[in-house]
Amino acid sequence: MSQVSVTIAGKNYSLACADGEESQVRKLASLIDGKLANFGDNLSPSPAQNLLFAALLLADELEEAKSRQGTAQSASPTNGDSNALDELRLELHAMKAERDALAKELGRLRDAAPIAAQAGRDEAAETLEDLADWLEKHAEVLEGKAAAS
1 MSQVSVTIAG KNYSLACADG EESQVRKLAS LIDGKLANFG DNLSPSPAQN
51 LLFAALLLAD ELEEAKSRQG TAQSASPTNG DSNALDELRL ELHAMKAERD
101 ALAKELGRLR DAAPIAAQAG RDEAAETLED LADWLEKHAE VLEGKAAAS
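Position one of the sequence shown corresponds to residue 1 (UniProt numbering), numbered consecutively onward.
Here is the structure:
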């Protein structure tokens, strides 16, 4: 068993997982963190309630995707293609969540930086913007691959 540390909604969690599954656990945690980031200021004071709500929304998205896949299953030639598409979708969701989290952090940094100190933070903000652009570009590529499959 391995230990993996993840951060969701600003809180650190240490989780046990099977050896070799650390990156998948981090990716899934990123999806949850992204879902919570989309709540903005609408979070409950209870972290457990927030996590439950995020889990319910993700479960709903999964059910909708399964339903769409079920109607399009006749167009899907092989299970291998379906698995590859599922992996692309997971990657895309993780990248979108990461992009959204970076955009939120960038906004927070901009709001927190006093005007006099802003000049020193422009380089960091530019780096974060470049990273957000990079993530968005790759997300679009994955969306294109997913749409083509």
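Glycine included, every Cβ here is placed at the ideal spot set by N, Cα and C. These numbers come from a predicted model, not from an experiment.
Residue pairing by DSSP puts K11 in a beta bridge opposite I8. Counting only residues of its own chain and dropping the five nearest sequence neighbours on each side, L57 has a CB closer than 8 Å to the CB of K35.
The region 13-22 makes no contact with the region 37-50, as fewer than three CB pairs between them are under 8 Å. Remark: three or more beta-carbon pairs, one from each stretch, lie closer than 8 Å, so the region 128-142 and the region 88-108 are flagged as touching. In the structure shown, the three-state DSSP call for S23 is helix. Taking all protein chains in view, the Cβ of N50 is crowded by 16 or more other Cβ atoms within 10 Å, so the residue is classified as buried. Secondary structure at A16: strand, using DSSP grouped into helix, strand and coil. Pairing P45 with I8, the inter-Cα distance amounts to about 15 Å. In terms of Cα proximity to D133, the closest of L106, A84, E21, L88 is L106. Excluding five sequence positions before and after V25, the CB atoms of its chain that fall closer than 8 Å to its own CB belong to V4, V6, L15, C17, given in chain order.
Between L90 and A146, the C-beta gap is not smaller than 8 Å, which leaves the two residues out of contact. Beta-bridge partners of S2 (DSSP): C17. Beta-carbon to beta-carbon, L92 and L142 are separated by about 4 Å, close enough to satisfy the 8 Å threshold. In the structure shown, the three-state DSSP call for G40 is coil. The DSSP-derived three-state label of S30 is helix.
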